[in-house]
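Residue numbers (this note's numbering), protein chains in the order written: chain A, 1 to 342; chain B, 343 to 684. The structure appears below as structure tokens.
There are 2 protein chains.
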Amino acid sequence: MWDRFLRACRGEARDTTPVWFMRQAGRYMAEYRAIREHHTLLEICREPDLATEVTLQPVRAFDVDAAILFADILLPLEPMGAPFQFAKGEGPVFDHPVRTAKDVEALRPVDPHESLAHVLTAVKQIRAELDGKTPLIGFAGAPFTLASYLIEGGKSTNYVHTKRMMYDAPELFATLLGKLAEVVRLYLLAQIEAGAQAVQLFDSWVGSLYPADYERHILPHVRHILSGLPSDRVPVIHFGTGTAMLLELQRAAGGTVIGVDWRTPLDFARARLGPDVPLQGNLESLLLNAPRDLLRQRVQDVLDRAGPSPAHIFNLGHGILPDTNPDAVKFTADVVHELGAR
Amino acid sequence: MWDRFLRACRGEARDTTPVWFMRQAGRYMAEYRAIREHHTLLEICREPDLATEVTLQPVRAFDVDAAILFADILLPLEPMGAPFQFAKGEGPVFDHPVRTAKDVEALRPVDPHESLAHVLTAVKQIRAELDGKTPLIGFAGAPFTLASYLIEGGKSTNYVHTKRMMYDAPELFATLLGKLAEVVRLYLLAQIEAGAQAVQLFDSWVGSLYPADYERHILPHVRHILSGLPSDRVPVIHFGTGTAMLLELQRAAGGTVIGVDWRTPLDFARARLGPDVPLQGNLESLLLNAPRDLLRQRVQDVLDRAGPSPAHIFNLGHGILPDTNPDAVKFTADVVHELGAR
Numbered sequence: 001m002w003d004r005f006l007r008a009c010r011g012e013a014r015d016t017t018p019v020w021f022m023r024q025a026g027r028y029m030a031e032y033r034a035i036r037e038h039h040t041l042l043e044i045c046r047e048p049d050l051a052t053e054v055t056l057q058p059v060r061a062f063d064v065d066a067a068i069l070f071a072d073i074l075l076p077l078e079p080m081g082a083p084f085q086f087a088k089g090e091g092p093v094f095d096h097p098v099r100t101a102k103d104v105e106a107l108r109p110v111d112p113h114e115s116l117a118h119v120l121t122a123v124k125q126i127r128a129e130l131d132g133k134t135p136l137i138g139f140a141g142a143p144f145t146l147a148s149y150l151i152e153g154g155k156s157t158n159y160v161h162t163k164r165m166m167y168d169a170p171e172l173f174a175t176l177l178g179k180l181a182e183v184v185r186l187y188l189l190a191q192i193e194a195g196a197q198a199v200q201l202f203d204s205w206v207g208s209l210y211p212a213d214y215e216r217h218i219l220p221h222v223r224h225i226l227s228g229l230p231s232d233r234v235p236v237i238h239f240g241t242g243t244a245m246l247l248e249l250q251r252a253a254g255g256t257v258i259g260v261d262w263r264t265p266l267d268f269a270r271a272r273l274g275p276d277v278p279l280q281g282n283l284e285s286l287l288l289n290a291p292r293d294l295l296r297q298r299v300q301d302v303l304d305r306a307g308p309s310p311a312h313i314f315n316l317g318h319g320i321l322p323d324t325n326p327d328a329v330k331f332t333a334d335v336v337h338e339l340g341a342r
Numbered sequence: 343m344w345d346r347f348l349r350a351c352r353g354e355a356r357d358t359t360p361v362w363f364m365r366q367a368g369r370y371m372a373e374y375r376a377i378r379e380h381h382t383l384l385e386i387c388r389e390p391d392l393a394t395e396v397t398l399q400p401v402r403a404f405d406v407d408a409a410i411l412f413a414d415i416l417l418p419l420e421p422m423g424a425p426f427q428f429a430k431g432e433g434p435v436f437d438h439p440v441r442t443a444k445d446v447e448a449l450r451p452v453d454p455h456e457s458l459a460h461v462l463t464a465v466k467q468i469r470a471e472l473d474g475k476t477p478l479i480g481f482a483g484a485p486f487t488l489a490s491y492l493i494e495g496g497k498s499t500n501y502v503h504t505k506r507m508m509y510d511a512p513e514l515f516a517t518l519l520g521k522l523a524e525v526v527r528l529y530l531l532a533q534i535e536a537g538a539q540a541v542q543l544f545d546s547w548v549g550s551l552y553p554a555d556y557e558r559h560i561l562p563h564v565r566h567i568l569s570g571l572p573s574d575r576v577p578v579i580h581f582g583t584g585t586a587m588l589l590e591l592q593r594a595a596g597g598t599v600i601g602v603d604w605r606t607p608l609d610f611a612r613a614r615l616g617p618d619v620p621l622q623g624n625l626e627s628l629l630l631n632a633p634r635d636l637l638r639q640r641v642q643d644v645l646d647r648a649g650p651s652p653a654h655i656f657n658l659g660h661g662i663l664p665d666t667n668p669d670a671v672k673f674t675a676d677v678v679h680e681l682g683a684r
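Written as structure tokens, this is what we have:
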């Protein structure tokens, strides 16, 4: 059933539970590492042929129900005027953290058809290669998550500078998030125009926030993005980690599907959001390398907690980790299809 | 009212809400930095006179309702046979991560009266110096949190090795946590004998776990510790971060007071735990440096969500960060006392 994933996003009947994996293309696959021997991560993102190849690798290897564009959430930041590098073992490092009014002012709007044309070319190529057999998910990072990288200058533990700007200079913070939101909105729209059949908004670090802070400082910008997308025809997955206390607010901000991390049982999310809101998630990624009987039992646990509603897309609670055994990914996709069948 | 803190721990009437701050002794205070110029963190922990002095610094500077022993949660690990250093800017680094059956077997039981006598001496000295005017809180790290440092060899993002042992070798993991739990139990008992009038168990990283994993693999060991303490006469605060989905299980594991981090509104915790369970928390630490009107408003928000029950101890949602303005700590303690008065 080629559209099992799209049907579940709409809460429509399907033969079994659809499954895909966040970061399903990546270092855990030998095919990916072979390409990485000759190209950096950013080269793969910027070269449509490579991005296409890497996006298709897990679709060829496993029975997944969706492909997800291979890209990095930080890609739109460079054309905004915030270049970065991936430092060995450290994640992204920005040349200049964005902390002052002048820094925020200097960030430029982005026309994705110009500055991110390589991504849109990749989307078109991937759609052509998938040939209607598997739907393609586009994606982007959400404003808070992007802002945290910009303000901290890279990854962060406590988001000290980000929260300081939010509390001390709320108008500046709002200006920054507004700029990011508009770039993200245009970027997702362009991906949809190019052929993405669903999109996911990754608000990966939003779980570090007190709910009232999310509501005041973040939600309006997320809503700007999500209300500007044609979600009546293209499902929008709204995902964050550590979001047990934010689920209703995320739902209020918009999106078709709410993605839930591994720490929030899906029955809790169902109880908070109601039976009709499609949920995505949420197996602990580290279970992929666990003994198979335990892995199988925990796949069943996720399905049980999602309940009988068709509105469930199986996924991990966060991305696949680099030393994951690819056989376990194949096994998990197959077990989901077996146990989710109705 | 000298026993405001202890009364709130027991849910008894008091004149106003008591307040103390996790990591209230530390780098944000000039008095502490003056001592750190001549001594390492571990030297301060190991020298009772220094630990006493540093413990008393915030009690002298601010109107806090409790002192907390200055120590490090990792102290009991060295006498168990797991030495570590604090690497510059990296946190603790263990000489040999604990990952095999042989590693776990090699860990020794600890008699705190011998190997941790310096801590007990500090407790006695601090009690003498406080002279009945302010109660003293002792503390220890909880088994999962300690195990994560041992297994990863330091701080961790995804707890890959820790969870791998938990899933792949659950009996070995249980042996390790059992050894840690017994050391922690004896250590807390010894602190109580030496004069600690309350103790806090820090399970700082337990919020990274799926609730069913906590219930199966962690809870029994925490219960071993907490059921072995005289909590009828010495309140026990049970704290973790990211615990929205773990509150009931933490309560089931034991403790007088449940400590809640900044992301879980206290009214949610009250609804899950009932009106009579004393709660501790939970101001976002970064608000300490925010404009005073916002800080005041958010202190009120915490008090409002804790509700009219006397069973609330005001605290942050995690520790004070190094670049916090000490004046804000003083301001916050005073505002809590003002707004919490009844």
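Beta carbons: idealized from backbone N, C-alpha and C, even for Gly. The structure displayed is predicted, hence computed values, not measured ones.
(1) Give the straight-line distance between the Cα atoms of A:Ile-35 and B:Val-548, rounded to the nearest whole angstrom.
(2) So, with DSSP's three-state summary, where would you put A:Asn-282?
(3) Closer than 8 Å by beta-carbon distance: list the chain A residues that pair up with B:Phe-610, in chain order.
(4) Candidates A:Arg-27, A:Ile-320, A:Pro-230: which alpha carbon is nearest A:Arg-287's?
(5) Indicate whether B:Ala-675 and B:Asp-473 have their beta-carbon atoms separated by less than 7 Å.
(6) Once DSSP output is grouped into helix, strand and coil, what is the label at A:Val-234?
(7) Which ranges would you report for the beta strand (DSSP E) in the stretch 188-268 of chain A if only whole runs of at least 3 residues count?
(8) Which residues in chain A have a C-beta closer than 9 Å to the C-beta of B:Asn-667? List them in chain order.
(9) Going by C-alpha distance, which of B:Ala-355, B:Leu-392, B:Thr-382 is nearest B:Thr-463?
(10) Starting from B:Tyr-509, find everything on chain A with Cβ-Cβ shorter than 8 Å and list it in chain order.
(11) Please tell me whether B:Arg-605 has its Cβ less than 7 Å away from any Cβ of chain A.
(12) For B:Lys-444, decide whether its Cβ has a neighbour in chain A, counting only Cβ atoms nearer than 7 Å.
(13) Which of the three DSSP states is assigned to B:Val-686 in this structure?
(14) For my contact list, A:Val-199 and A:Ile-137 are in at a C-beta cut-off of 8 Å; report their separation, rounded to the angstrom.
(15) Quick one: give me the first and last residue of the beta strand (DSSP E) that B:Ala-482 is part of.
(16) For B:His-654, report the span of its beta strand (DSSP E) as first-last.
(17) Please tell me whether A:Gly-242 has its Cβ less than 7 Å away from any Cβ of chain B.
(18) Could you pull the start and end residues of the alpha helix (DSSP H) that A:Pro-79 belongs to?
(19) Let me confirm a value: A:Lys-179 is counted as buried when at least 16 other C-beta atoms fall within 10 Å, else exposed. Which label applies?
(20) How many Å lie between B:Gln-639 and A:Arg-292 at the Cα?
(21) Decide yes or no for the touch test of the stretch 434-442 of chain B against the stretch 359-373 of chain B: beta carbon pairs closer than 8 Å, at least 3 of them.
(22) Could you round the C-beta distance between A:Leu-6 and A:Pro-211 to whole angstroms and report it? I think they count as a contact, below 8 Å.
(23) With three or more C-beta pairs closer than 8 Å as the rule, is the stretch 357-364 of chain B touching the stretch 398-415 of chain B?
(24) Between A:Glu-53, A:Asp-72, A:Asp-276, A:Gly-89, which lies nearest to A:Gln-125 when the distance is taken from Cα to Cα?
(25) Rounded C-beta distance between B:Leu-615 and B:Arg-593? I'm assuming under 8 Å.
(26) Starting from the Cα of B:Ala-516, find the closest Cα among B:Asp-618, B:Gly-584, B:Pro-664, B:Ala-443 and give me that residue.
(27) Secondary structure at B:Phe-347, three-state DSSP: helix, strand or coil?
(28) With respect to the alpha helix (DSSP H) encompassing A:Gln-85, which residues constitute its N-terminal and C-terminal limits?
(29) So A:Tyr-187 and A:Pro-76 are supposed to be a Cβ contact under 8 Å. How far apart are they, rounded?
(30) Using a beta-carbon distance below 7 Å, is B:Tyr-552 in contact with chain A?
(31) Give the single residue among B:Leu-658, B:Leu-571, B:Val-576 whose Cα lies nearest to the Cα of B:Gly-601.
(32) Check for me: the alpha helix (DSSP H) holding A:Val-370 runs from which residue to which?
(33) Run through DSSP, which three-state label would B:Phe-729 get?
(34) Going straight from the alpha carbon of B:Gly-433 to that of A:Thr-55, what length do you get?
(35) Could you compute how far the alpha carbon of B:Glu-447 sits from the alpha carbon of B:Gln-642?
(36) Which residues of chain A have a Cβ atom closer than 8 Å to the Cβ of B:Lys-505, listed in chain order?
Answer, in terms of the structure:
(1) 37 Å
(2) strand
(3) Met-245
(4) In the sequence as presented, Arg is not what sits at residue 287 of chain A; that position holds Leu. It is A:Ile-320.
(5) no
(6) coil
(7) 198-203, 236-240, 257-259
(8) Chain A residues near B:Asn-667: none, gap ~12 Å exceeds 9 Å.
(9) B:Leu-392
(10) Leu-286, Leu-287, Asn-289, Ala-290, Pro-291, Leu-294
(11) yes
(12) no
(13) A query on residue 686 of chain B cannot be resolved here, the shown segment of chain B reaching from 343 to 684 and no further.
(14) 7 Å
(15) 478-483
(16) 654-658
(17) yes
(18) 77-80
(19) buried
(20) 51 Å
(21) no
(22) With a Cβ gap of about 31 Å, A:Leu-6 and A:Pro-211 do not count as contacting.
(23) yes
(24) A:Glu-53
(25) 6 Å
(26) B:Ala-443
(27) helix
(28) Per DSSP, A:Gln-85 belongs to no alpha helix (DSSP H); it is in the beta strand (DSSP E), 84-87.
(29) 5 Å
(30) yes
(31) B:Leu-658
(32) No information on residue 370 of chain A is available, as it lies outside the stretch 1 to 342 that chain A covers here.
(33) Here chain B comprises residues numbered 343 to 684, so residue 729 of chain B is not present and cannot be evaluated.
(34) 37 Å
(35) 50 Å
(36) Glu-284, Leu-286
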